[in-house]
Each structure stands twice: as structure tokens, then as C-alpha cells.
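Asker: Please find one structure pasted underneath; my questions will follow.
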């Protein structure tokens, strides 16, 4: 418990630094959000009135101080474009990202763990080369290429699945595969290498000497110890997916956190962009904390070290 509290307290300066950097960078970028909102036809009086109403006439340190005070109260600001609370907009978008991320990680974990384990059992055989070949494609192929390929083949050619997401389970299958394929490849390759390394340990030789089959030795004895680094990667991948799959959500028209952020960039909607980046930062920090806790729970040596 002390270690958890220590890590949470250590995350506070990180969050403050992230807020400060984002706040300053968004105001250094050329362009005026007031002019973006007004469009082509405007007067000086309209510019001045909107600038005051948005609080952009105040000194930048005053704007930052007011923003931080608002964050402590749970207020992320008001959208320039839609005149809505940023926290409300994130609350509406996050369930879509959560659903996509959960389906993506389930696909990645199942496919990655099974492929990596089978590849380790059938080391240097046909299945090993086949699974590692697919995992290499998953790791190296950009997400947008994977998304477009899945859309073209399964939605356009075969017409098995919807082209874009409607929020239903079926319509989220292709986005989940596109999002999880890269992670599945990473998990498969790490699982295989970790298993092969553990299989060279002395206690594995003892288990083999008792007459156990190679597959039984891996499943009963080697798998648990070899999964420690894999589980850490899996927890971090979950946090990464929850933080907003920008490309996947954009290609499949999913109204999640990632698409909300890209829309905010296009509209120069600084409060929304600040809110989405801060929200994703918190998720990543929590994901790292979860990974550390899982690692400590599975490895007694780490608990003793703490």
C-alpha cells in the first residue's frame, strides 16, 4: 500500500508538468482560435467580445492558474466550438474508446499468448515460422494500413462486417482487430522468447527428466514464470488503447477520445484538446501503476525488495 501511495504522489508533479507543457504549447502554436470560430466574416468588436468571453484577454499565467484551480474542482473548461463542458464531452466519448480498447486487448491477449506459446512449443518448426511471420506483419504494419485492409477485404469485398462502427458489438469487431493486431504481434514474440529462455532453466530439465511431455512442461511449469514481462507489457498496452486509438477511431468513424482530440485540433478547440491529453496522461500513469502492482503480486522477490 505504501508503494502505491508513493507512486501516486510521484505522479502529481508529472501531471502538473504535463498540464503546463500542454497549456504553453497550445498557445505558442500560430493561429487565433477566435478567428477560427468566427469564420470569414467578422468585425473588430466581435473579435474583442469573443476574446473577453473566452478569457483569452488575460495574462497567460492568470489563464493557467484559473485552469489548474478549475481542474481541482473537476472543471476542465468549456469547449470553444460547442459551448459544452469538456468533462461532459469526454464522458460521452470514453465509453466508445473503452469498448474498443477492451475488445482490442482481448483479441491481442488471446491471439498473442496462444501464438507465442505454440511457437515456443514448436520452435523452429512450420507453426513457429508461420506464427512469427504473422506477428512480424502485425508489429511492422501501420495501424491505418491494417484498418484499410480489413475494411476493403471483410467489409467491402466479402461484406461480412460493417464498414464503419455504429456502436454495436459486430461493428466493433474490425476496429478491435485493427487496434489489437500490433499488440498481439508484440505479445506473441515476447511470449515465445521468454518461454524459450525459461525452458533452459534447471528446474525445467528436472521436470523433463520425470518424463513429462514438452508441452506439459511449458504449460505446468514454464508458463507462469515466463509471463512476468509479458503481463507488464499487456497492462501497458491496455493503458495505451484506453488513452485513445486516434487512427483506428478516425478510420472507422468511432466517436471516442481519439477522434474527439483530432476534431479539437482541427477546430483549435484548446480546452477540449487540453482535456483529452490530460485524461489520456492519467490513464497511462494508472496503467504503469497497474503493471508495477501486477509484477509485484506475481513475483515474490520484488515484494521482498520493496
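Residue numbers (my numbering): 26 to 331.
Backbone N, C-alpha and C fix where the C-beta goes; we use that ideal spot for every residue, glycine too.
Because the structure is a prediction, the values reported are computed rather than measured.
According to DSSP, simplified to helix, strand and coil, what is residue 278?
Answerer: Here residue 278 refers to the residue found at position 253 when the chain shown is read from its first residue. Coil, per DSSP.
Asker: On a Cα-Cα basis, can you pick out the residue from 299, 265 and 124 that is closest to residue 316?
Answerer: Residue numbering aside, residue 316 sits at position 291 when the chain shown is read from its first letter. Taking only the C-alpha atoms, the option nearest residue 316 is 265.
Asker: Going by CA-CA distance only, name the one from 157, 102, 86 and 221 that's closest to residue 298.
Answerer: What you label residue 298 is simply residue 273 of the chain shown in a count that begins at 1. The shortest Cα separation from residue 298 among 157, 102, 86 and 221 belongs to 102.
Asker: Going by beta-carbon coordinates alone, are residue 143 and residue 151 separated by less than 8 Å?
Answerer: If you number the chain shown from 1, residue 143 lands on position 118. If you number the chain shown from 1, residue 151 lands on position 126. Not closer than 8 Å, so no.
Asker: Going by beta-carbon coordinates alone, are residue 262 and residue 133 separated by less than 8 Å?
Answerer: As a first step, residue 262 is located in the chain shown; it is residue number 237 there, counting from the start. As a first step, residue 133 is located in the chain shown; it is residue number 108 there, counting from the start. Result yes, Cβ atoms of residue 262 and residue 133 sit closer than 8 Å.
Asker: Using the Cα positions of residue 52 and residue 91, report the straight-line distance between them to the nearest angstrom.
Answerer: For the purposes of this step, residue 52 is taken as residue 27 along the chain shown, with counting starting at 1. For the purposes of this step, residue 91 is taken as residue 66 along the chain shown, with counting starting at 1. Distance between the alpha carbons of residue 52 and residue 91 is about 15 Å.
Asker: Is the stretch 206-226 in contact with the stretch 251-262, if contact means three or more CB pairs nearer than 8 Å?
Answerer: At 8 Å Cβ cutoff, the stretches touch.
Asker: Start and end of the alpha helix (DSSP H) containing residue 92?
Answerer: As a position in the chain shown, residue 92 is number 67, starting the count at 1. Taken as a continuous stretch (DSSP letters only), the alpha helix (DSSP H) holding residue 92 covers 85-97.
Asker: Among 202, 121, 184 and 242, which has the Cα closest to the Cα of residue 221?
Answerer: On the chain shown, position 196 is the one that residue 221 refers to. With distances taken between Cα atoms, residue 221 lies closest to 242.
Asker: Taking the straight line between their C-alpha atoms, what separation do you get for residue 83 and residue 313?
Answerer: One-based indexing of the chain shown puts residue 83 at position 58. One-based indexing of the chain shown puts residue 313 at position 288. Cα to Cα, the separation comes out at about 37 Å.
Asker: Quick one: what's residue 103 bridged to in DSSP?
Answerer: On the chain shown, position 78 is the one that residue 103 refers to. Answer is 110.
Asker: Specify the secondary structure class of residue 134 as computed by DSSP and reduced to three states.
Answerer: Position 109 of the chain shown holds residue 134. The answer is helix: DSSP assigns residue 134 an H, G or I state.
Asker: Got a sec? Which residues, its chain only, sit under 6 Å from residue 137 by beta carbon, not counting five neighbours each side?
Answerer: The sequence position of residue 137 within the chain shown is 112, counting from 1. Around residue 137: 209, 212 and 213.
Asker: With a CB to CB cut of under 8 Å and the five nearest residues on each side skipped, what residues in its chain are close to residue 95?
Answerer: In the chain shown, residue 95 corresponds to position 70, counting from 1. Contacts found: 101 and 102.
Asker: Along the chain, where does the alpha helix (DSSP H) containing residue 369 start, and where does it finish?
Answerer: The structure shown does not extend to residue 369, since the chain is modelled only from 26 to 331, so the question has no answer here.
Asker: Pick helix, strand or coil for residue 286, following the three-state DSSP scheme.
Answerer: Counting from one through the chain shown, the residue named residue 286 turns up at place 261. It is helical.
Asker: From what residue to what residue does the alpha helix (DSSP H) around residue 77 run?
Answerer: Taking the chain shown and counting its residues from 1, one reaches residue 77 at position 52. Residue 77 -> alpha helix (DSSP H) spans 69-78.
Asker: Which same chain residues end up closer than 6 Å to residue 148 when comparing Cβ atoms and leaving out the 5 residues on each side of it in sequence?
Answerer: Within the chain shown, numbered from 1, the residue matching residue 148 stands at position 123. Answer for residue 148: no residue qualifies.
Asker: In terms of alpha-carbon separation, which member of 231, 205, 81 and 191 lies closest to residue 281?
Answerer: Mapped onto the chain shown, residue 281 falls at position 256. Checking every option, the nearest Cα to that of residue 281 belongs to 191.
Asker: If you count every other CB in all the chains shown that lies within 10 Å of the CB of residue 183, and 16 or more means buried, which is it?
Answerer: Working through the chain shown from its first residue, we reach residue 183 at position 158. Answer is exposed; the Cβ neighbour count stays below 16.
Asker: The alpha helix (DSSP H) with residue 147 in it runs from where to where?
Answerer: For the purposes of this step, residue 147 is taken as the residue at position 122 of the chain shown. Where residue 147 is concerned, there is no enclosing alpha helix (DSSP H), given that its DSSP letter is neither H nor E.
Asker: Just to confirm the assignment: which complete alpha helix (DSSP H) runs, minimum length 4, are found wholly within the stretch 188-242?
Answerer: Complete alpha helix (DSSP H) runs here, min 4: 198-223, 227-234 and 239-242.
Asker: With 16 as the cutoff for other CB atoms within 10 Å, does residue 170 come out buried or exposed?
Answerer: Your numbering for residue 170 matches position 145 in the chain shown. Per the 10 Å Cβ criterion, exposed.
Asker: Since I believe residue 81 is in contact with residue 59 (beta carbons under 8 Å), could you give me their beta-carbon distance rounded to a whole number of angstroms?
Answerer: Translated into positions along the chain shown, residue 59 becomes position 34. Translated into positions along the chain shown, residue 81 becomes position 56. Correct: roughly 7 Å between the Cβ atoms.
Asker: Counting Cβ pairs closer than 8 Å, one from the stretch 270-284 and one from the stretch 123-131, do we hit at least three?
Answerer: Segments in contact, yes.
Asker: What's the call for residue 204, buried or exposed, on a 16-neighbour Cβ count within 10 Å?
Answerer: Along the chain shown, one-based indexing puts residue 204 at 179. Counting Cβ neighbours within 10 Å, residue 204 comes out buried, since at least 16 surround it.
Asker: Should residue 46 go down as buried or exposed, given a rule of 16 or more other Cβ atoms within 10 Å for buried?
Answerer: One-based indexing of the chain shown puts residue 46 at position 21. It is exposed - the Cβ of residue 46 has fewer than 16 other Cβ atoms within 10 Å.
Asker: For residue 389, collect the residues of the same chain with a Cβ closer than 6 Å to its Cβ; drop the 5 residues on either side in sequence, then sort them by chain order.
Answerer: Nothing can be reported for residue 389: it is not among the residues displayed for the chain, which extend from 26 to 331.
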